[in-house]
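Q: Residue 435 in UniProt numbering is what sits at position 435 of the sequence shown, and the numbering runs on without skipping anything.
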Amino acid sequence: NGALREFPDSSPPARLLATRPCCGPGPERRQVLGEAPRFHTQAKGKNVRLDGHSRRATRRNSFCNGVTFTQRPIRLYEQVRLRLVAVRPGWSGALRFGFTAHDPSLMSAQDIPKYACPDLVTRPGYWAKALPENLALRDTVLAYWADRHGRVFYTVNDGEPVLFHCGVAVGGPLWALIDVYGITDEVQLLESAFADTLTSTRLSQARFSTCPSPSSHDAANFDNNELENNQVVAKLGHLALGRAPGPLPADVAAAAIPCGPRDRPRPASSPALLEADLRFHATRGPDVSLSADRKVACAPRPDGGRTLVFSERPLRPGESLFVEVGRPGLAAPGALAFGITSCDPGGLRPNELPADPDALLDRKEYWVVARAGPVPAGGDALSFTLRPGGDVLLGVNGRPRGRLLCVDTTQALWAFFAVRGGAAGQLRLLGTLQSSPTTTTPSGSLSGSQDDSDSDMTFSVNQSSSASESSLVTAPSSPLSPPVSPVFSPPEPAGSKNGECTVCFDGEVDTVIYTCGHMCLCHSCGLRLKRQARACCPICRRPIKDVIKIYRP
Numbered sequence: 001n002g003a004l005r006e007f008p009d010s011s012p013p014a015r016l017l018a019t020r021p022c023c024g025p026g027p028e029r030r031q032v033l034g035e036a037p038r039f040h041t042q043a044k045g046k047n048v049r050l051d052g053h054s055r056r057a058t059r060r061n062s063f064c065n066g067v068t069f070t071q072r073p074i075r076l077y078e079q080v081r082l083r084l085v086a087v088r089p090g091w092s093g094a095l096r097f098g099f100t101a102h103d104p105s106l107m108s109a110q111d112i113p114k115y116a117c118p119d120l121v122t123r124p125g126y127w128a129k130a131l132p133e134n135l136a137l138r139d140t141v142l143a144y145w146a147d148r149h150g151r152v153f154y155t156v157n158d159g160e161p162v163l164f165h166c167g168v169a170v171g172g173p174l175w176a177l178i179d180v181y182g183i184t185d186e187v188q189l190l191e192s193a194f195a196d197t198l199t200s201t202r203l204s205q206a207r208f209s210t211c212p213s214p215s216s217h218d219a220a221n222f223d224n225n226e227l228e229n230n231q232v233v234a235k236l237g238h239l240a241l242g243r244a245p246g247p248l249p250a251d252v253a254a255a256a257i258p259c260g261p262r263d264r265p266r267p268a269s270s271p272a273l274l275e276a277d278l279r280f281h282a283t284r285g286p287d288v289s290l291s292a293d294r295k296v297a298c299a300p301r302p303d304g305g306r307t308l309v310f311s312e313r314p315l316r317p318g319e320s321l322f323v324e325v326g327r328p329g330l331a332a333p334g335a336l337a338f339g340i341t342s343c344d345p346g347g348l349r350p351n352e353l354p355a356d357p358d359a360l361l362d363r364k365e366y367w368v369v370a371r372a373g374p375v376p377a378g379g380d381a382l383s384f385t386l387r388p389g390g391d392v393l394l395g396v397n398g399r400p401r402g403r404l405l406c407v408d409t410t411q412a413l414w415a416f417f418a419v420r421g422g423a424a425g426q427l428r429l430l431g432t433l434q435s436s437p438t439t440t441t442p443s444g445s446l447s448g449s450q451d452d453s454d455s456d457m458t459f460s461v462n463q464s465s466s467a468s469e470s471s472l473v474t475a476p477s478s479p480l481s482p483p484v485s486p487v488f489s490p491p492e493p494a495g496s497k498n499g500e501c502t503v504c505f506d507g508e509v510d511t512v513i514y515t516c517g518h519m520c521l522c523h524s525c526g527l528r529l530k531r532q533a534r535a536c537c538p539i540c541r542r543p544i545k546d547v548i549k550i551y552r553p
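Structure, rendered in structure tokens:
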């Protein structure tokens with residue numbers, strides 16, 4: 001009975017995370033047991049090329065579409081170690097990296113956007129930021145990991161850890177997210193290792209990341225799009241001149257350098273004294289980029305996509321908004337979609353904005369859409385003047401083009417545009433000018449003489465007639481808004497454009513609308529308009545009960 005008996009060890013096997021040192025750096029790096037991480041072979045941007053071992057990712061062409069993921073989840077405290085194999089100066093911004101809670105195996109090609117920042121990080125379950133450009137050097141070894149508190153740290157060349165991100169959801173698996181972006185052309189995944197647990201003393205000494213702020217992501221995307229488009233233009237010009245292959249001339253090469261919106265002179269046709277307080281609203285379509293000062297909107301995709309942009313504040317009655325459409329020296333970008341809305345852009349979600357502005361007419365807010373065009377040439381200056389009476393006047397290069405649309409000025413109204421895509425797809429805010437009713441308009445004629453509708457546009461409005469839809473909009477049938485008899489000017493002499501129909505711009509105005517009394521249609525357009533469902537007056541949008549032909553002596 002006194003013999004020594006051996007009992008089997010009933011304690012559970014130690015987990016990998018328990019084997020890392022609890023404080024201070026170890027004498028050597030502890031390798032992670034199991035399969036080393038590799039890049040996912042399917043879930044990647046269209047410009048990413050992988051080597052045969054899926055350990056090296058190279059971005060071909062452009063500066064974007066380089067989003068990649070690891071093929072397996074990354075453990076807590078497991079370092080994702082990357083070597084920056086190739087760096088090419090010239091672009092703006094560098095590698096973006098972080099984590100995602102979404103399994104890349106379940107992603108389709110449509111789920112992977114051009115940019116990790118801001119396209120992915122604005123979606124739930126994605127966390128990523130940009131590496132500062134001064135750290136993105138060739139052969140730099142970047143390591144980053146997440147701890148059990150949802151904090152993300154990174155080191156450069158095994159230096160001191162930097163607190164990079166907080167709030168990562170660590171309750172489920174996490175895959176590494178790596179965007180080979182900007183000046184970073186090629187990265188290689190190295191063997192993983194466990195990071196040391198930071199003591200409270202070391203954690204208090206860990207500095208916060210100096211990574212660019214999220215607003216700078218838009219600036220980098222915009223600058224890169226500008227550079228890429230200018231390079232395409234320079235190459236096309238080089239081919240058109242029939243030059244032999246070789247270095248570009250100095251004047252063509254200079255055109256390939258992106259210039260900020262402040263460096264480009266204003267069009268000669270725009271007024272010299274413009275207020276520069278108006279910018280584009282931060283809410284915009286996902287396929288358009290804004291400059292750092294939000295004065296320039298760029299849409300590089302040839303098909304345009306969802307490119308709606310809004311003014312940061314409402315327009316004031318009597319205020320003129322000046323914009324430059326397209327790029328000087330390039331072909332005209334086509335008709336420009338312009339609109340007015342009572343909806344505050346701050347309450348909209350970017351993923352809800354459509355590609356076609358006419359789809360907004362079904363919303364309950366007040367929306368009016370017009371197409372101002374065609375634009376004569378890229379770089380032309382357009383002006384949109386909101387008169388106190390509700391008329392919106394269009395001017396092109398300082399010349400009046402007539403009334404674009406008529407809106408309700410009893411409520412706050414924001415302006416919005418749909419930017420055309422392609423190399424010429426750019427819209428620049430030049431500024432605003434406030435004028436009084438007795439002064440001349442920016443287009444060069446008296447403010448009271450532009451009621452003619454000889455412009456080449458069409459417009460649409462949403463016909464919300466329910467008073468419950470908005471406290472600021474009075475329904476046409478509401479007793480609070482009785483019809484007001486309009487005051488007509490004497491008949492214009494023959495040949496005057498004031499007598500043209502506001503629908504077809506061809507027939508002579510000879511029909512009055514009942515009950516509002518507006519006289520703005522030819523008889524054939526009036527009959528066609530009356531037969532439409534929920535027909536309304538194109539001037540005041542009151543329901544049309546009848547159209548009456550007028551016979552002049």
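Glycine included, C-beta positions come from ideal geometry on N, C-alpha and C.
The structure presented is a predicted model; accordingly, all values stated were derived computationally and were not measured.
Return the residue from the list Pro286, Arg279, Pro300 that minimises the CA-CA distance to arginine 294.
A: The option with the nearest alpha carbon to arginine 294 is Arg279.
Q: Where do the N-terminal and C-terminal ends of the beta strand (DSSP E) with serine 320 fall, by residue?
A: For serine 320, the uninterrupted beta strand (DSSP E) segment begins and ends at 319 to 325.
Q: Quick one: Cα of proline 538 to Cα of cysteine 406, how far?
A: C-alpha of proline 538 to C-alpha of cysteine 406: approximately 8 Å in a straight line.
Q: Could I get the ranges of all uninterrupted beta strand (DSSP E) runs contained in the UniProt domain "NHR" (36 to 192), with 3 residues as the minimum, in chain order?
A: 39 to 44, 48 to 50, 56 to 59, 67 to 70, 78 to 87, 96 to 100, 126 to 130, 141 to 146, 152 to 156, 162 to 165, 175 to 179, 184 to 189
Q: With distances taken Cα to Cα, identify the nearest neighbour of aspartate 391 among Gly379, Val80, Gly305, Thr409.
A: Thr409
Q: Check each candidate in Leu274, Ala297, Asp147, Leu273 and name the one with the smallest Cα separation from alanine 282.
A: Nearest option by C-alpha distance: Ala297.
Q: In terms of DSSP beta bridges, what is serine 383 paired with?
A: Paired residue(s): Phe322, Gly395.
Q: Taking the CB atoms as reference points, tell me whether valine 162 and glycine 150 lie closer together than 8 Å.
A: no
Q: Taking only three categories from DSSP, how would you classify residue 559?
A: There is no way to answer for residue 559, as the model of the chain reaches only from 1 to 553.
Q: Using 8 Å as the cut-off, can you tell me whether the segment 138 to 145 makes contact with the segment 34 to 49, which would need three or more C-beta pairs spanning the two stretches below that distance?
A: Segments in contact, no.
Q: Buried or exposed, going by whether 16 or more other CB atoms sit within 10 Å of the CB of threonine 385?
A: buried
Q: Along the alpha helix (DSSP H) that carries glycine 339, what are the first and last residues, could you check?
A: No alpha helix (DSSP H) holds glycine 339; the beta strand (DSSP E) holding it covers 336 to 341.
Q: Could you name the residues of the same chain whose beta carbon sits closer than 6 Å to that of glycine 526, not counting the 5 residues immediately before and after it, in chain order?
A: Thr511, Val547
Q: Tell me whether the segment 179 to 191 and the segment 106 to 126 touch, counting them as touching only if at least three CB pairs, one residue from each stretch, are closer than 8 Å.
A: Remark: three or more beta-carbon pairs, one from each stretch, lie closer than 8 Å, so the segment 179 to 191 and the segment 106 to 126 are flagged as touching.
Q: In the DSSP assignment, find the unbroken beta strand (DSSP E) run with leucine 427 in it and report its ends.
A: 426 to 434
Q: Less than 8 Å separating the beta-carbons of glutamine 79 and phenylalanine 39?
A: no
Q: List the residues that DSSP assigns as beta-bridge partners of valine 419.
A: Paired residues: none, contrary to the question.
Q: Skipping 5 residues on each side, what residues in its chain have a beta carbon closer than 7 Å to that of proline 350?
A: Thr283, Arg284, Gly285, Pro286
Q: Closer than 6 Å by C-beta to arginine 81: which residues in its own chain qualify, once you throw out the five before and the five after it? Chain order, please.
A: Closer than 6 Å at Cβ, skipping near neighbours: Ala143, Leu190.
Q: For tryptophan 414 and serine 311, which I take to be in contact (beta-carbon distance under 8 Å), what is that distance rounded to the nearest angstrom?
A: 5 Å
Q: For threonine 515, count the other beta carbons within 10 Å of its own beta carbon; 16 or more makes it buried, fewer makes it exposed. Which is it?
A: exposed
Q: Using the C-alpha atoms, what's the distance from valine 509 back to proline 354?
A: 36 Å
Q: Under the rule that 16 or more other beta-carbon atoms within 10 Å means buried, what is isoleucine 550, buried or exposed?
A: Taking every protein chain shown into account, the CB of isoleucine 550 has fewer than 16 other CB atoms within 10 angstroms, so this residue is exposed.
Q: Within this structure, are the beta carbons of alanine 418 and alanine 337 separated by less than 8 Å?
A: yes
Q: When the Cα of cysteine 540 is compared with those of Ser524, His518, Lys530, Gln532, which residue comes out closest?
A: His518
Q: With a CB to CB cut of under 8 Å and the five nearest residues on each side skipped, what residues in its chain are close to arginine 138?
A: Leu84, Val85, Ala86, Val87
Q: Per DSSP, what are the beta-bridge partners of residue 561 in this structure?
A: The displayed coordinates of the chain run from 1 to 553. Any statement about residue 561 would go beyond what the structure contains.
Q: With distances taken from CA atoms, which of Ile74, Pro73, Ala57 is nearest glycine 66?
A: Nearest Cα to glycine 66 within the set Ile74, Pro73, Ala57: Ala57.
Q: For the candidate residues Asp380, Arg313, Thr432, whose alpha-carbon lies nearest to that of arginine 327?
A: Asp380
Q: So what does DSSP say about arginine 531, is it helix, strand or coil?
A: helix
Q: Using alpha carbons as the reference points, say which of Ser289, His53, Phe194, Ser383 lies closest to tyrosine 154.
A: Phe194
Q: Can you look up cysteine 504 in the DSSP assignment and give me helix, strand or coil?
A: It is coil, neither helix nor strand.
Q: Residues bridged to serine 311 by DSSP?
A: Phe280
Q: What would DSSP say about glycine 517, mapped onto helix, strand or coil?
A: coil
Q: Chain C beta carbons: is any one of them nearer than 8 Å to that of proline 314?
A: Annotation note: the requested chain C is absent from the structure, which comprises a single protein chain.
Q: Please report the straight-line C-alpha distance between residue 573 and leucine 394, rounded to a whole angstrom.
A: No answer is possible for residue 573: it lies beyond the span of the chain, which begins at 1 and ends at 553.
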